[in-house]
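In what follows, a single structure is set out as structure tokens and then discussed.
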Amino acid sequence: MPVNIPRELPARQVLQDENVFVMSTERAQHQDIRPLRIAILNLMPTKIATETHLLRLLGNSPLQVEVTLLHMGSHCSRNTPPEHLAAFYTTFETVRELRFDGLIITGAPVEQLAFEDVDYWAELIDLLDWSREHVYSTMHVCWGAQAALYRHYGVPKYQLPRKLSGVFDHDVLDARTPILSGFDEVFPAPHSRYTEIHAADILAVPQLKLLATSADAGVYLVGSTDGRELYVTGHPEYERDTLKLEYERDVARKLPIAVPNHYFPGDDPARPPRVTWRSHAFLLYANWLNHCVYQGTPYNLEN
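First residue of the sequence shown? That's 171 in my numbering, and the numbers climb one at a time after it.
Structure follows, in structure tokens:
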């Protein structure tokens, strides 16, 4: 079934070229079905690319999804045209009284700042607290996961000695958990971050469960025991060249950056990277939509 997005959204043509099922609001209104209402808080500077990444994954399920794109009203985005934000996004303040089946909170390149030093931290706290009453299930990604774990449970983040970048193998810790249904015992996923959370801090919180970890990249998946919160420390939504573009950007800035691990064939940046994580990414999002959102959310969201 399709993901419902505006006709003019740039991601639409990209997804159609990939045979991802998308439909317009006009067509969706003629179907006798209630779509899942999913909000995406897009904190990434490259918002247009991130829209495509996430909509691709949301479109690969048997459920119809209606998407609302959000940005922080207290932050001025310098990398996305104001016209794009005005046409396709709204702010948290405008949806405060609404309810959603699901919410995705993306990462953001601010992890080396203290949470309290992020310019939109107060607004994000407000949204995180709101989500527990107005959203049935929330997926938090990378820095978004770190921020929510800190706000909800006091779990700290720790500075890494160098940037963690690459594609790493992860071990499934409990195959019976619905979010991991159909996963291989070991699966790959991309990471790109300067900070981490520690397994010991997760295990110390009774409301949280450690679901997947990596010997090299550490904690990857954490879920709340009620299934309504999912924390993903990596970037399963990344495209083939996302880590490549990040690496080339950092090299151009003369940052002390290493070649991403297990990404370029032979660790040679001159060779095109291979995608090894796509099936895991699609399965993760399909499981979240089915097991965490669709199976539990009420038909009437206002109740």
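Virtual Cβ for every residue (Gly too), placed ideally from N, Cα, C.
All values reported here derive from a predicted model rather than from experimental measurement.
- Judged by beta-carbon spacing, Cys312 lies within the 9 Å limit of Ser362, meaning their Cβ atoms are closer than that value.
- The continuous alpha helix (DSSP H) containing Phe258 extends over residues Pro252 to Phe258.
- One Cα belongs to Glu303, the other to His405, and the distance between them is close to 26 Å.
- Judged by DSSP in its simplified three-state form, Tyr290 adopts coil rather than helix or strand.
- Judged by DSSP secondary structure, Asp271 falls within the beta strand (DSSP E) whose first and last residues are Phe270 to Ile275.
- Excluding the 5 residues flanking it on each side, Thr264 has no same chain C-beta neighbour closer than 8 Å.
- A buried status is given to Tyr259, since no fewer than 16 other beta-carbon atoms sit within 10 Å of its beta-carbon.
- For Asp371, no pairing in a beta bridge is given by DSSP.
- Membership of Gln316 in the alpha helix (DSSP H) is indicated by the continuous run Trp313 to Tyr323.
- For the 9 Å CB-CB criterion, Leu391 and Val375 do not form a contact.
- Here the alpha carbons of Arg182 and Val463 stand approximately 24 Å from one another.
- The residues Val311, Cys312, Trp313 and Gly314, in chain order, have a CB closer than 6 Å to that of Gly277 in the same chain once the five nearest residues on each side in sequence are set aside.
- With fewer than 16 other Cβ atoms from the protein chains shown falling within 10 Å of its own Cβ, Gly324 counts as exposed.
- Contact between the segment 417-435 and the segment 242-256 is not established, with fewer than three Cβ pairs separated by less than 8 Å.
- Taken through DSSP and simplified to helix, strand or coil, Asp386 comes out as coil.
- Going by C-alpha positions, Asn470 is about 10 Å away from Asp271.
- Looking at the DSSP output, Leu239 bridges to Ile210 and Tyr259.
- DSSP places Thr216 in no alpha helix (DSSP H); its state is neither H nor E.
- For Tyr328, the enclosing beta strand (DSSP E) starts and ends at Tyr328 to Val342.
- Proximity of the segment 406-426 to the segment 325-341 meets the contact definition, three or more beta-carbon pairs being nearer than 8 Å.
- Judged by DSSP in its simplified three-state form, Glu366 adopts strand.
- Distances from the alpha-carbon of Ala387 to those of Glu409, His340, Trp291 and Leu298 put His340 closest.
- Counting along the chain, the unbroken beta strand (DSSP E) around Tyr401 starts and ends at Glu399 to Val402.
- Burial state of Pro360 is buried, judged by a 10 Å Cβ sphere holding 16 or more other Cβ atoms.
- Annotation: Ser231 to Arg441 spans about 33 Å, alpha carbon to alpha carbon.
- For Phe357, DSSP records a beta bridge to His340.
- Straight-line spacing of the CA atoms in Thr383 and Val356 works out to 10 Å.
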